[in-house]
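Protein chains in written order, with the numbering used here: chain U, 1 to 449; chain Z, 1001 to 1406. Ideal Cβ positions, reconstructed from N, Cα and C, are used throughout, including at glycine. These numbers were taken from a predicted model, which means no experiment stands behind them.
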Amino acid sequence: MSDPALAEALATAANSGGGDVRALGDVRIADLTIITAGASATQILADYGADVVKVESGAWLDPFRTWDSGADFMESLTEPWNQSPPFQCVNRNKRSLALDLKAVAGREMFLRLVERSDVVTENFRDGVMDRLGLGFDALRAANPRIVVVSLSSQGTTGPERGYGSFGSTLDALSGLMSITGYDAKTPIWSTNEINYPDQVASIFGAAMVLLGLRQRDATGEAVRVDVSQRELVTSMIGEAVLDYTVNGHVQTPQGNRDFSMAPHGVYPCRGEDEWLTITVQTDEQWRRLAQLIGGAALALDARYTTFRARWDQLDALDALVAAWTAKHDRLWLMEGLQAEGVPAAALLTGPELWADANLSARGFYTEVENQLSGPQTQRRWPFRLRRTPASIRQPAPRLGQDTDGVLSAVLGLNADEIGQLRGEGVLNTEPGLRPAQHPATDTTKKVAR
Amino acid sequence: MSGLSAAALPTEQLVLLPLSDVVVLELGSSIAAAYCGRLLAAFGATVIKVEPPDGDPMRAMPPFAANVRGPEASLSYMYLNGGKQGITLASGSASGRGLLAGLVANADVVLDAMGPGVLPAQGLPFAQISALNPATILMSITPFGNDGPYRDYVASELVLLALGGLLKLVGRVERTPIRLGGYQAQYQGGLAALAGTLAALHARALTGRGQEAEVAVQEAVAFTEWKSAIYFQATKRLRMRGGEQSEWTVLPCRDGFLGFVFREKEWPNVKRLIDDPRLEDPRFASRASRLALRQELRGLLEAWSMTRTNLEAYHEAQAAGVPAGMVTTMADLLESPQYRDRAFFDEIDHPATGPIRSPGVPVLLNGQRPRAGRAPLLAEHNDAVYGERLGLDSGELARLRARRVI
């Protein structure tokens, strides 16, 4: 029982005196999502018990299976498409059904799956579903109660619906980038290292699947859910938008400064590229910080006792704080300042999060044994439900590993029918990994991540 | 004040909203909880926001309408509380506790952002809530969770970005790490709470029971910043801020900036777009050499971008198959044909501002956008909520008001 999620699920089931009820145990999703924004959304739902049937094929892979990870190590692997690190992290608990949707029989099988599903999810670029003959009307004809969720860059309507995007370009288009940066001349985006909106879109996307299901249950009819990632990020900077629509003020990047707190910034610490953030919200917090920096003399220094006074000499103040932090260890500073009630925190890197005291104590990370590539430390979930907890039941699927099971148990095909589809190449699980001819290459160009 | 044009203002409304049968009680002062509540309200829930008698501290959060502080002037409050009902309650007082218990018992969902241990200290541990109403869902929203060593840490936007891994990864590699604009960590917490609330409502339909749910904003941020750790495991290479390992670059235009992105397969499109023979130089033929010569390449791209507005450059790049995005300002957003076509902005009429535009919810349901109304004035719905939901008469309300309980 190395999986704390499983342990938690069992403990909860025991405490509630009932079986292991899964929050979304009655939901089946015919899942066409790929890369992060989409695949991570359906993973959240799979973690909470939805039966997510991920549909791909050798002719048409989730590009994350062969993602350029900035290293050549993928080339040395057997079946690299079944070992891709980012793919494994956002596809656990899903089943993999290999179907070539461009083949007539493949499309037909997909529509049979839709008939037996509650939800279809996709994050292709606009037009791909229609070209596959899988537009909303076709899906609704197959299942008049289907919920169809699109997670696209800019929505499925409007003049820019077909525009391509790569994560951070939506930082730019949403307005977020215009208020992120060192100054008005240096806007900063989250870059390829983060691709910010992808991740938040995945959480919102999971929520919108559930909202669509609720709407379907209320109306008894099919629901089309059209999420725009660009709009999502604009909705996450609402107060800056209102500063313009109400005051006519166009906000610009202000570095790490805040108009109501000082000091408020990121300061260097002992070591290379190590940092601490300090955000002093009250004069009392300043007094405590100043006591640590310079004793009673600084704590009582009238030049700094009020916010207004500190704001008026921010550069001097920041230099004073930075000179102090530079001499000390960031974790030691965080603990000492937090013990005094001063909001401060060490800047952590991704791998350092594993060792973070709070995330460790709360079991945020867990080790998942992948089928070919072995153990991988993965994040768990963005929220917790105590009576119907999430769990990790299986690692990300090998391409097509559940094809026969889904075709027989869900779609009701017999062995002969499955054999015939396989003979026609509809169930192909052998990717042609030559990029120039690889259909997935076209797909990556067309997707909104 | 920006004017309201007649173009494409929203008039449609969904006849039936998916959460119209759900009552939500929002406790505490938190951007994460408020954003979650705002979205739930737009999707049809009745969201009752409980403030202390002198108002939610968020009413003092900038920016302010006309740049003047005042209880109804905070644009942050105005945005994050659109569509809610507002009541006041001194929940720590003896009479306040009774009212709080009544409100909780009448709620399908309680968004609790009062902090670890506060609700139990006011006589409402989950066991008690469950005894009052077994169907109630308690969604706790805290910076660091209700247990764990940081439980009592003092949080702020930068603290949460730092401890979720997002702060160190943004900015230029040779400079100080930089925050994402606004309050992204806390808004992420709000999205996690939205997803968790909807999942708990779904589970309730299966089991008939409510339950405890929890969001720690630090975890929501760490959920978002997952890639560094995954790639580090695979390659032992640490991702660094700056994005210097790719061709991505921010180009200056005549009037602003353009986020310029291309990969190997878009390189021919870039050459077609820029239309500069120097790009045919064999030194630019491979990705590796383009990366090595990024400054020189950037100079050629700038020669193109500086002769255009960023709006022109954006559309030209997209037409050529280069997935660039313009650095859109707040003013640009209001002019965006895409946003106008999809009627993204809500039209809100608030007494403190008059009619204004406000970002809508980022989703269409069957082609229609759910709309939230304006934020409540302080204590605006006291009579309606305490009178109609809890059945207090006007004499009782007057006594509670006189004693500063509400």
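Between R1403 (chain Z) and the set Z:W1304, Z:P1355, Z:A1094, Z:A1372, the nearest pair of CA atoms involves Z:A1094. Annotation: Cβ neighbours of P1018 (chain Z) in chain U (cutoff 7 Å, chain order): L211, R214, Q215, A218. The C-alpha of V1024 (chain Z) lies about 5 Å from the C-alpha of V1047 (chain Z). G1256 (chain Z) has its alpha-carbon roughly 10 Å from the corresponding atom of A184 (chain U).
Within the DSSP bridge table, the entry for L1111 (chain Z) names Z:E1026, Z:M1139 as partners. I203 (chain U) is a Cβ neighbour of A1192 (chain Z), given a cutoff of 8 Å. Cβ neighbours of S1305 (chain Z) within its own chain (closer than 7 Å, five residues either side excluded): L1251, P1252, C1253, L1258, A1313. Within the stretch 1157-1176 of chain Z, those residues whose Cβ lies closer than 9 Å to any Cβ of chain U are, in chain order, E1157, L1158, V1159, L1160, L1161, A1162, L1163, G1164, G1165, L1166, L1167, K1168, L1169, V1170, G1171, R1172, V1173, R1175, T1176. Judged by their CB atoms, L347 (chain U) and L1167 (chain Z) are nearer to each other than the 8 Å cut-off. Under the Cβ criterion (8 Å, minimum of three pairs), the stretch 1199-1217 of chain Z counts as touching the stretch 1135-1147 of chain Z. Taken through DSSP and simplified to helix, strand or coil, G1096 (chain Z) comes out as helix.
Contact note: T78 (chain U) does not reach chain Z at a C-beta cutoff of 8 Å; the least C-beta distance is about 16 Å. In this structure, the beta-carbon distance from R1308 (chain Z) to E193 (chain U) does not fall below 8 Å.
M1326 (chain Z) reaches chain U at A172, L173, counting residues in chain order whose Cβ is nearer than 7 Å. Listed as beta-bridge partners of D130 (chain U) by DSSP are no residues whatsoever. The closest CA to that of K1049 (chain Z), considering only Z:A1288, Z:A1090, Z:L1016, Z:P1062, is found on Z:A1090. Within the stretch 1064-1075 of chain Z, the residues whose Cβ lies closer than 7 Å to any Cβ of chain U are, in chain order, A1065, A1066, N1067, L1075. Chain U has no Cβ within less than 8 Å of the Cβ of S1305 (chain Z). If you look at W275 (chain U), you'll find it isn't in any alpha helix (DSSP H); it sits in the beta strand (DSSP E) that goes 275-279. Shown here, V225 (chain U) sits in a strand according to DSSP, grouped into three states. S391 (chain U): not part of any alpha helix (DSSP H); DSSP gives it neither H nor E. Fewer than three Cβ pairs drawn from the stretch 365-376 of chain U and the stretch 293-310 of chain U lie within less than 8 Å of each other, which leaves the two stretches out of contact.
Shown here for R1290 (chain Z): same chain residues with a beta carbon closer than 8 Å to its own, the five before and five after excluded, namely E1247, W1267, F1284, L1297 in chain order. By the criterion of a C-beta distance shorter than 6 Å, L134 (chain U) is surrounded by no residue of its chain, once the five residues flanking it on both sides are discounted. Unbroken alpha helix (DSSP H) runs of no fewer than 4 residues, entirely contained in the stretch 314-391 of chain U, are found at 314-325, 330-339, 350-355, 357-361, following chain order. Listed along chain U is no residue with a C-beta nearer than 8 Å to that of V1385 (chain Z); the closest approach is about 24 Å. With fewer than 16 neighbouring CB atoms inside 10 Å of its own CB, N1067 (chain Z) falls in the exposed class. Counting only the Cα atoms, R224 (chain U) lies some 5 Å from N1366 (chain Z). Chain Z places a beta carbon closer than 8 Å to that of I179 (chain U), counting this residue as a contact.
Residues of chain Z with a Cβ closer than 7 Å to the Cβ of Q251 (chain U) are, in chain order, M1330. Inter-segment contact for the stretch 1193-1210 of chain Z and the stretch 1222-1238 of chain Z is absent: fewer than three beta-carbon pairs are separated by less than 8 Å. Around the beta carbon of F110 (chain U), 16 or more other beta carbons lie within 10 angstroms, which makes this residue buried. F1232 (chain Z) sits buried, since 16 or more C-beta atoms from the chains shown fall within 10 Å of its C-beta. Contact between the stretch 19-33 of chain U and the stretch 49-56 of chain U is established, with three or more Cβ pairs separated by less than 8 Å. Sequence-distant Cβ neighbours of Y1035 (chain Z) in its own chain, meaning closer than 7 Å and more than five residues away, are L1080, Y1187, G1190. Taken in chain order, the members of the stretch 151-162 of chain U whose beta-carbon sits within less than 7 Å of a beta-carbon on chain Z are Q154, G155, T157, G158, P159, E160.
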